[in-house]
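See structure below.
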Amino acid sequence: MPELPEVEVTRLGFADRIAGARIEAVRLGKPLRWPLGLDPLLLVGRTVASVRRRGKYLLLDMDRGLLLLHLGMSGSLGFNSLGLPEPGSHDHFDLVTSRGSLRLNDPRRFGAVVYADAETAPEAVKLLGRLGVEPLSEGFLLDAFHAGLKRRKAPVKQVLLAGDVVVGVGNIYASEALFMAGIRPTLSAARISRPRAARLFEAVREVLALAVRKGGSTLRDFSNTEGQSGHFQLEAMVYGRQGQPCRVCGTPIRQIRQGQRATFFCPSCQKA
DNA sequence: CACGGATCCTGATGGC
DNA sequence: TGCCATCAGGATCCGT
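Read in order, the letters of the first sequence are residues 9 to 280 in my numbering.
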């Protein structure tokens with residue numbers, strides 16, 4: 009479900025409100041993706057200092073140690089200043105603090121909650137160590153991006169999704185960015201010319217930044233920590249529009265499958 | 001090492 | 001209405 013923009017919008021929704029809070033209780037539901045001995049008693053009494061994002065992970069820094077949260081395909085976080093209703097069957101993690109309660113709801117349970125003593129601890133490095141550069145940071149540079157594409161022979165769509173060149177681009181925004189750049193998703197990343205790499209570089213930044221501004225996409229079930237929906241889907245150029253006319257040239261949008269994932273593109277606007 | 005495929009889990013949807 | 005197959009915004013692991 010959540011790609012970088014949804015995770016960032018989620019973070020913005022509760023980061024300031026939870027900062028400085030003391031953890032008072034933790035409730036665990038069904039096991040998530042990595043049931044690495046998360047000990048609730050270990051967390052109680054600690055203070056949440058800040059909430060950062062790395063790729064699609066949220067990092068809750070505490071006065072000692074940090075929690076890594078991932079929303080997987082179907083996860084969402086809610087923050088309630090007053091308290092929490094009885095947990096439903098998909099509420100798998102509650103963090104009750106002095107300033108309010110954070111709740112993770114995740115029907116498919118591909119998400120994760122992992123504790124690490126430090127960002128350099130093995131549990132954190134295992135999850136964060138191979139992540140690529142942040143696309144909305146000043147560290148995202150065209151030279152390195154193009155070099156990263158050059159050394160990958162796989163289709164550019166799958167290289168974007170892999171997250172080791174640049175993080176945060178999920179299935180929706182990969183199709184959208186490639187449309188914006190006029191590049192066929194099946195094209196080998198290594199064969200992308202410098203000018204086209206530059207267009208893709210800008211497209212990735214623009215599509216993600218726009219989605220953050222718009223409050224995230226809601227092609228299915230995204231809602232922010234206030235329970236409000238985003239409205240990126242109103243702006244999708246290709247995603248989910250197979251058979252419908254391209255918004256630029258009118259040619260029917262085509263859907264293909266790459267690595268078990270749906271890809272959408274305009275056969276006329278996007279050249280190999 | 002890079003790549004393609006299978007896999008974890010549950011819910012929604014569409015065909016018969 | 002029931003049943004079954006397919007698909008879903010992610011990421012890891014395994015075999016080649």
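The beta-carbon is built from N, C-alpha and C at its ideal position, and this holds for glycine as well. Values in this document were obtained by computation on a predicted structure and should not be read as measured data.
| message | Considering Cα atoms alone, identify which of F101, G63, S183 and A189 is closest to G137. | response | The sequence position of residue 137 within the first sequence is 129, counting from 1. Comparing Cα positions, the closest option is G63.
| query | Using DSSP with H/G/I as helix, E/B as strand and the rest coil, what is G80? | reply | Walking along the first sequence from the start, residue 80 turns up at place 72. G80 falls in the coil class under three-state DSSP.
| task | Compare the C-alpha of Y181 against each of R204, A217, E127 and G21 and name the closest. | result | The count along the first sequence starts at 1 and reaches residue 181 at position 173. Comparing Cα-Cα distances from Y181 to each of R204, A217, E127 and G21, the minimum goes to A217.
| message | In this structure, how does DSSP classify P253 when only helix, strand and coil are distinguished? | response | Locating residue 253 in the first sequence gives position 245, where the first residue counts as 1. Collapsing the DSSP output to three states places P253 in a strand.
| request: Can you tell me which of the three DSSP states K279 falls into? | output: As a working note, residue 279 is residue 271 in the first sequence. K279: strand per DSSP, three-state reduction.
| N-terminal and C-terminal residue of the beta strand (DSSP E) that T271 is part of | Along the first sequence, read from residue 1 onward, the residue named residue 271 stands at position 263. For T271, the enclosing beta strand (DSSP E) covers residues R269 to F273.
| said: Checking 8 Å against the spacing of the C-beta atoms, do F272 and G251 come in under that value? | reply: The count along the first sequence starts at 1 and reaches residue 272 at position 264. The count along the first sequence starts at 1 and reaches residue 251 at position 243. No, Cβ-Cβ distance for F272 and G251 is not below 8 Å.
| task | With a cut-off of 8 Å on the beta carbons, I'd call L77 and L68 a contact; round off their distance for me. | result | Here the question's residue 77 lines up with position 69 in the first sequence. Here the question's residue 68 lines up with position 60 in the first sequence. Confirmed, Cβ separation roughly 7 Å.
| message | Just to confirm my understanding: we take Q278, look at its own chain, exclude 5 residues before and 5 after, and list those with CB closer than 7 Å. What are they? | response | Sequence index remark: in the first sequence, residue 278 carries index 270 (1-based). Non-local beta-carbon contacts of Q278 in its own chain, meaning distances under 7 Å to residues more than five positions away in sequence, involve L186, F187, G190, I191 and R192 in chain order.
| Closest by CA to G73, which one among G140, V52, P93 and V212? | Against the first sequence, residue 73 aligns to sequence position 65. The residue with the shortest Cα to Cα distance from G73 is V52.
| With distances taken between CB atoms, is the gap from R4 to L144 smaller than 8 Å? | Only positions 9 to 280 of the chain appear in this structure, which leaves residue 4 out of reach.
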